[in-house]
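J.: Starting off with a structure, shown below.
There are 6 protein chains.
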Amino acid sequence: MFSHVQDLQFEAKPDGPDPAFARRFQEVLGGKWGEMTVAMQYLYQGWNTRLPGKYKDMLLDIGTEELAHVEMIVTMIDRLLDAAPLSLDDAKTDTLKAQYAHSNPQHPIHNGNAASPMDSMGNPWNGLFVTASGNLYADFHLNATAEMQGRLQVARLWHMTDDPGVKELLKFLITRDHMHQMQWLRAIEELQADGLDGVPVPEAFDLENEIDEFAALYVHASDGDKATEGRWAQGQSFDGRHQVTVQETPEAYGSRPTLPPGDPRLYSTPPMDAKGMIQTIKEKLT
Amino acid sequence: MFSHVQDLQFEAKPDGPDPAFARRFQEVLGGKWGEMTVAMQYLYQGWNTRLPGKYKDMLLDIGTEELAHVEMIVTMIDRLLDAAPLSLDDAKTDTLKAQYAHSNPQHPIHNGNAASPMDSMGNPWNGLFVTASGNLYADFHLNATAEMQGRLQVARLWHMTDDPGVKELLKFLITRDHMHQMQWLRAIEELQADGLDGVPVPEAFDLENEIDEFAALYVHASDGDKATEGRWAQGQSFDGRHQVTVQETPEAYGSRPTLPPGDPRLYSTPPMDAKGMIQTIKEKLT
Amino acid sequence: MFSHVQDLQFEAKPDGPDPAFARRFQEVLGGKWGEMTVAMQYLYQGWNTRLPGKYKDMLLDIGTEELAHVEMIVTMIDRLLDAAPLSLDDAKTDTLKAQYAHSNPQHPIHNGNAASPMDSMGNPWNGLFVTASGNLYADFHLNATAEMQGRLQVARLWHMTDDPGVKELLKFLITRDHMHQMQWLRAIEELQADGLDGVPVPEAFDLENEIDEFAALYVHASDGDKATEGRWAQGQSFDGRHQVTVQETPEAYGSRPTLPPGDPRLYSTPPMDAKGMIQTIKEKLT
Amino acid sequence: MFSHVQDLQFEAKPDGPDPAFARRFQEVLGGKWGEMTVAMQYLYQGWNTRLPGKYKDMLLDIGTEELAHVEMIVTMIDRLLDAAPLSLDDAKTDTLKAQYAHSNPQHPIHNGNAASPMDSMGNPWNGLFVTASGNLYADFHLNATAEMQGRLQVARLWHMTDDPGVKELLKFLITRDHMHQMQWLRAIEELQADGLDGVPVPEAFDLENEIDEFAALYVHASDGDKATEGRWAQGQSFDGRHQVTVQETPEAYGSRPTLPPGDPRLYSTPPMDAKGMIQTIKEKLT
Amino acid sequence: MFSHVQDLQFEAKPDGPDPAFARRFQEVLGGKWGEMTVAMQYLYQGWNTRLPGKYKDMLLDIGTEELAHVEMIVTMIDRLLDAAPLSLDDAKTDTLKAQYAHSNPQHPIHNGNAASPMDSMGNPWNGLFVTASGNLYADFHLNATAEMQGRLQVARLWHMTDDPGVKELLKFLITRDHMHQMQWLRAIEELQADGLDGVPVPEAFDLENEIDEFAALYVHASDGDKATEGRWAQGQSFDGRHQVTVQETPEAYGSRPTLPPGDPRLYSTPPMDAKGMIQTIKEKLT
Amino acid sequence: MFSHVQDLQFEAKPDGPDPAFARRFQEVLGGKWGEMTVAMQYLYQGWNTRLPGKYKDMLLDIGTEELAHVEMIVTMIDRLLDAAPLSLDDAKTDTLKAQYAHSNPQHPIHNGNAASPMDSMGNPWNGLFVTASGNLYADFHLNATAEMQGRLQVARLWHMTDDPGVKELLKFLITRDHMHQMQWLRAIEELQADGLDGVPVPEAFDLENEIDEFAALYVHASDGDKATEGRWAQGQSFDGRHQVTVQETPEAYGSRPTLPPGDPRLYSTPPMDAKGMIQTIKEKLT
């Protein structure tokens, strides 16, 4: 259960309008790695985990904070859209003309110059962006990744605007993404220290069921001659369980598949003397 | 540029048909964390990276191998669909009746009893599943995650079938996902050792531009009382740059947003004496 | 900015597991008219409105409450998925066998038997489900509709389960949807009383710019002979501005469109003596 | 069963080309609230209703008319795309240069400079835009909303062009949306007068099954202090069945959820002494 | 402009309900190759073509007819959904139990037991299913294909039901798809006879701009040894313009790509001495 | 199983950057008719076909080659994005300013100035673009169509750039699409010659089950008076099995559908004396 205060976690005031940047800012609101995704992902992971205690509590803390980030970016986009020209003629300056060209037409037409849950190309936010697998080790790795991709995107946006008010909010977002990267990396360590999982994930799957021969085989399927210089292709594997070996070209351990004819009632092209076949099928089917 | 041999990397022969499992197997073929995703993700990362050498070469190696995994799973699904009943009456046994109910209707109707690039609920594979950000550190974390989620899903499928032939292929896939987890974790270490990036990602963003006050502040926004027991909420942060402090309840550093009235030509509800407003707008617009 | 308590707004405990119902319950979680939609829609409308005061405050109240509904349904689905069979053989009873067949395969494979933001057919929640147009009159009508469609769907679910714990939550949801229908209908009245808008929406668009002849013309385009018995096809129009008249069959006021040839560089089929045309194009283009 | 005449219901001739406006016009053709949506929505509602007579006949009338609106907008977009520059160099004037920038690249590449069923950001029209619930009261509210959102969008487009021919069509569309708003509002009145449904929708759900305590409780979950000034938070509820009361802060009636451990075969993080747990799982599974 | 009669083009009355088949039937209503697709595709092609006369007129004829097919299938699905059990307990017979399991949960919950524009797996109909390229030769090939895929799917459905009423409608649909295949194949011949286009499409593109060496080169990139037995790999090419030759293994005519370092402000992993690089970037950026 | 060489099949080097064209080029990479589609479509058809031999081998040849086309276009887009301005101020020249406006914001923000699997409007590549029906005759028609639409799109792109390096690659793609059109048309001939299928597809469906009366009936549903001048509306049908006749206006062979009341537990609007009905339902349900 949530409650809400209207004061923002941090200020979200641009020094002036910029509809072209408003469109770009949508990426970190409603894009695959945007704030909608991390808010929903952490909340679903928190609600769904079957392990009560510090991990669940932490997930719900951060998920709740991310909702405040959604709110700030929405507010910023709304303000960046003030005074957006409605048409080319409406644009008084060359800058506004160019911005008109690069703005998002749904901002005025669908939203009355305001934000919506989509990315910078207009793809709507999608429930498949969220993963809450129940396995916290795998999910915390995804969360660390999400904060990396997120900080990377905001750092790129940093170079796409000179507006001091916008940059102030970007600073805040970059700093929080820094904080959250640290947090997920610590949480991964702690999961392992608590013996809750480890590599290879899921650790509880019995390694007896693996095929040892393939557990540390580096398959050199492309012809780049530097690939095997990395430590992934030599020495002990990361989990210390195997010595890595290199297979110089991909080798086949399976045979060429030939599929059975299939059900004639599906009218797929039949694998045999076909002229007779069609006759046979017709006879069978009538 | 690719070449192809028809022999499979590993055998993909079930002992018998199982249309219900064929539907479930689609998840690791065309789902968000399926083989289509990792194949395309590694190839796009390899083609797009601006860093020539071992990392690029390795990405293209693994991406090319994953295409062979797509091929094996497609073949397995095709074979699991042999002898699928076309209707309830057509199902001779109770098992087949239940399987009919749980199968994917597009398998027979759209594909003639064969696989297609979709997940177990029928969502088509989607280009947004792929991330190739140009930043290898962030992307390798995602790749490690993908192999964890992938191995987790195949390990779950392991308990959903008793077919020895199917289990043989699952073993192979689980083993390769083990190998690939190790590989990405090594590659992350090596990127850092090569000084190419580090945490917080992207490391090259000048920390002077962060707001120090928020760089290690744990915001306790939900009321779970265990959250602050984790190491993420105390001591030194993961990158050793800060001491973590806890904010007991979320605090607002920004003000309540009030948006300006907006362009009357968009007919949004106006923020002022409205009766007069509509009149004014009408006058202005005519 | 939000804060969260882990206690639920209302109890969400089924008396027993029911994976088939868990799948169906997803509809009112992540479907077009589900709780994800109303939560996000009211919050975006609240954040985006340019009218400060009671309407904005109310939108944020209700949007925040709806997040608690998302949380309860997620929890309920998680519990309904306990003890779900992983395969047909795994199902001990006939009921579980049938439920296995009707369950959502991503629940175990992708989520570890837990909820995710999708509908009952597996379509992920989509940002386009949200409309926040800036015009509160139009949006409050949509909100009233959303609560009607929502209450209708939960009322249908009511007859699909006998589990007393599930029914208790359904009661709560149906009651809140009742409350919220009342609220939006009142808010529409109040918007009109406050002179902020009215029919036809948007009222501020100058009616002089309409074409009077078509403002109350009922076009009888299908041959059902009862259509004109309704009050929509006779007497005064709803806003009292016109007398409705009936056009017995659709009448054309425009001419047959003939499109100009188009740019030959697009290689569309050309509208003229074609043999010569291809020659001409070739000549022009070389 | 349909028949078609090629004469347009109304003229659709711009005075000149405007590829940037062609892109924007797509919103009311293939967007969520565009003509494709209302055409399909009314037809599906008409075909699906189980109530023969005036309502069904009226739905099929209007759905059929809306197909003519689709046709007119397609034609207008086709004409607006004449003479669109294929590249920056190809654009002879500054206006055309800017329009090139803001145009839809699929218009030339995919369609040969013609319309397609998508919105102004390129999202394809989607079957989920249609709701035909079987409950006409809920659906007519949606239809009224659709005409409000539709008229709002066309009224916004009105200020984005000066082309007299385009404005003539916009006038027609705005007028018809006016007419159709009136019609759906009348139809809602009439449904109620005919005793077919009423608020709360669906009225036939037995109110005894509601929980009275929550039927008129206004939950004040956000801290805006004006929210309770509205009539939705005081006095009699809209349906006259209850007195509204205000809950000053959200109150929990449910307990904190703790989920059971879950099936170990799903490898979710286990809720107990974990080191031992993994061992146990391994033993059980082997 | 359209008009509508409520009588169906052909009878759509099943002998009894069958909710499982209703779900399957959705494929040919709202699937990629369903009636919604062909109706919209032919109408958009007809509206968009810049060639007035017999081709345009014919497209509008068939597109209009296909709308009647949509109507019949909707009606059939509605009737197949009568008496569908709402729950397992509700299902009186084993057949109904199994059908419950295989039915579409949105049919009752979202639609009140009626059809909607989606396929058999629940994917909503999508505007991208439609192609109207402006080039009639390419589009008529697609139309012929659509009728082939459509007839194939209905022929498969033929074996999934024994209901005489359903089979009667399937017969009609199969027959019309036969007719329409013939029609598009004739239209392709006629386009060519009229000199409007030919192979390779678009014929007007100057062959001088092709690279002759690759115009009839069969690239043998997979190791299947039968591939070159086909006439596509020997003798004259289909258009008689070249002699086909076989390249025994894929040959590279381009060089290995090395991408330039890229903009440091995007924080992609840099292609050079990295430790120094990060320092340099930091210096540049501050 | 695949192997890969890093040399490109053909050179992919532009003479200079062009971010606006990079966006447009995405259409033939990740659009509906782009190289991702044909690569995946041919591979899935090859893996899925139940007919071993030359057709399967050929499909795998061409599918494998198409992967090399994906690689070349990705490389070209990456290079076209070098030096793209990050903001309007960043753009040094008017051309770059305009290109900034027309570029794809995800190229820098999501990908670090590189390609991704989406079309020119940002729609992600979608698994539904692939059809592998099992019936090779229908699928080869689709493949021929895909090469026609593909060549058409590249031919259009030809006129949107003057860059000699880009044009060189376009030449190659246009030539290969020419080759592949020829190949699929030959393969259709050969399938027929081998007696594997023919028109109407699927030929094996017993024509006795068709309704002869509709097998060659041209339904004149729109009022264009030229439609019946085509050979599709007169003489022998394409397969020589029937004489075509024309139905001057669409005729109904079915009756007006009236649907039964439906299950009252779904609360659809009931088809009868409604006031009494609601009472009855309430009584029944309580």
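Residue numbers (our numbering), protein chains in the order written: chain A, 1 to 286; chain B, 287 to 572; chain C, 573 to 858; chain D, 859 to 1144; chain E, 1145 to 1430; chain F, 1431 to 1716. Heads up, the beta-carbon is just placed ideally off N, CA and C, and yes, glycines get one too. Computed from a predicted model, the values in this text were never measured in an experiment.
(1) Just checking: is the beta-carbon of P829 (chain C) within a distance shorter than 7 Å of some beta-carbon in chain D?
(2) Let's see if you can read the secondary structure: which residues bound the beta strand (DSSP E) around H506 (chain B)?
(3) Below 7 Å between beta carbons: does that hold for S630 (chain C) and P689 (chain C)?
(4) Let me know the alpha helix (DSSP H) ranges lying completely inside the stretch 669 to 699 of chain C, each 4 residues or longer, listed in chain order.
(5) Following the continuous alpha helix (DSSP H) through T75 (chain A), name the residue where it begins and the one where it ends.
(6) Would you please state the rounded distance, in angstroms, between the beta carbons of L839 (chain D) and A824 (chain C)? I believe it to be under 8 Å.
(7) Alpha carbon to alpha carbon, what distance is there between L939 (chain D) and H965 (chain D)?
(8) To the nearest angstrom, report how far apart Q327 (chain B) and S794 (chain C) are at their CA atoms.
(9) From E:K1311, E:S1247, E:K1198 and E:P1268, pick the residue whose C-alpha is nearest to that of W1435 (chain E); which is it?
(10) Thinking just about the alpha-carbon of each residue, which of B:L428, B:T381, B:P488 and B:M434 is nearest to the one in A146 (chain A)?
(11) Where does V886 (chain D) fall in DSSP's three states?
(12) For D94 (chain A) and H1532 (chain F), I'd like the C-alpha separation in whole angstroms.
(13) In the structure shown, what three-state DSSP assignment does Q1436 (chain F) receive?
(14) So D1437 (chain F) contacts chain B; which residues on that side make the cut at Cβ distance below 9 Å?
(15) Alpha helix (DSSP H) containing V199 (chain A): first to last residue?
(16) Give a yes or no on whether the C-beta atoms belonging to F238 (chain A) and M468 (chain B) are separated by under 7 Å.
(17) Per DSSP, Q247 (chain A) forms a beta bridge with which residues?
(18) Between the stretch 1488 to 1506 of chain F and the stretch 1405 to 1417 of chain E, are three or more C-beta pairs nearer than 8 Å?
(19) If the cut is a Cβ gap below 7 Å, which residues of chain D does A441 (chain B) touch?
(20) With DSSP collapsed to three states, give me the class of Q903 (chain D).
(21) Below 8 Å, can you find three or more Cβ-Cβ pairs linking the stretch 734 to 750 of chain C to the stretch 158 to 169 of chain A?
(22) Per DSSP, Q1336 (chain E) forms a beta bridge with which residues?
(23) On the three-state DSSP scale, how would you describe Q806 (chain C)?
(24) Hey, does G1266 (chain E) have any beta-carbon neighbour from chain C nearer than 7 Å?
(25) Residues of the stretch 1042 to 1067 of chain D with a CB closer than 7 Å to any CB of chain F: list them in chain order, please.
(26) For H999 (chain D), does the three-state DSSP call read helix, strand or coil?
(27) Using alpha carbons as the reference points, say which of A:I73, A:M179 and A:T249 lies closest to M148 (chain A).
(28) Look up A298 (chain B) in the DSSP assignment and say whether it is helix, strand or coil.
(29) According to a CB-to-CB cut-off of less than 7 Å, which residues of the stretch 1001 to 1026 of chain D neighbour chain B?
(30) Short of 8 Å in beta carbon distance, which residues of its chain neighbour S991 (chain D), apart from the five on each side in sequence? Order them along the chain.
(31) Under 7 Å between C-beta atoms, does I967 (chain D) make it to chain F?
(32) So G1406 (chain E) contacts chain B; which residues on that side make the cut at Cβ distance below 8 Å?
(33) What does the alpha-carbon distance come out to for the pair M407 (chain B) and K914 (chain D)?
(34) By the 10 Å Cβ neighbour count, where 16 or more other Cβ atoms means buried, how is K383 (chain B) classified, buried or exposed?
(35) Just to check my reading of the structure: N113 (chain A) and L552 (chain B) have Cβ atoms closer than 8 Å, yes? What is that Cβ distance to the nearest angstrom?
(36) Give me the chain A residues within the contact set of N698 (chain C), using Cβ-Cβ distance strictly less than 8 Å, ordered along the chain.
T.: Put simply:
(1) yes
(2) Taken as a continuous stretch (DSSP letters only), H506 (chain B) belongs to no beta strand (DSSP E), as it is neither H nor E.
(3) Residue identity check: residue 630 (chain C) is Met in the sequence provided, not Ser. No, they are not a contact pair.
(4) 678 to 681
(5) K54 to L80
(6) What is shown of chain D runs 859 to 1144, which leaves residue 839 (chain D) out entirely.
(7) 8 Å
(8) 52 Å
(9) There is simply no residue 1435 (chain E) to check, as chain E begins at 1145 and stops at 1430 in what is shown.
(10) B:L428
(11) helix
(12) 15 Å
(13) coil
(14) M287
(15) Careful: V199 (chain A) lies outside any alpha helix (DSSP H) and carries neither H nor E.
(16) yes
(17) A:V219
(18) no
(19) Y1125
(20) helix
(21) no
(22) None; Q1336 (chain E) has no bridge partner.
(23) coil
(24) yes
(25) D1052, G1053, L1054, D1055, P1060, E1061, A1062, F1063, D1064 and E1066
(26) helix
(27) A:M179
(28) coil
(29) L1010, A1013, R1014 and H1017
(30) D997
(31) yes
(32) R336 and G420
(33) 34 Å
(34) buried
(35) 6 Å
(36) P124, W125, N126 and G127
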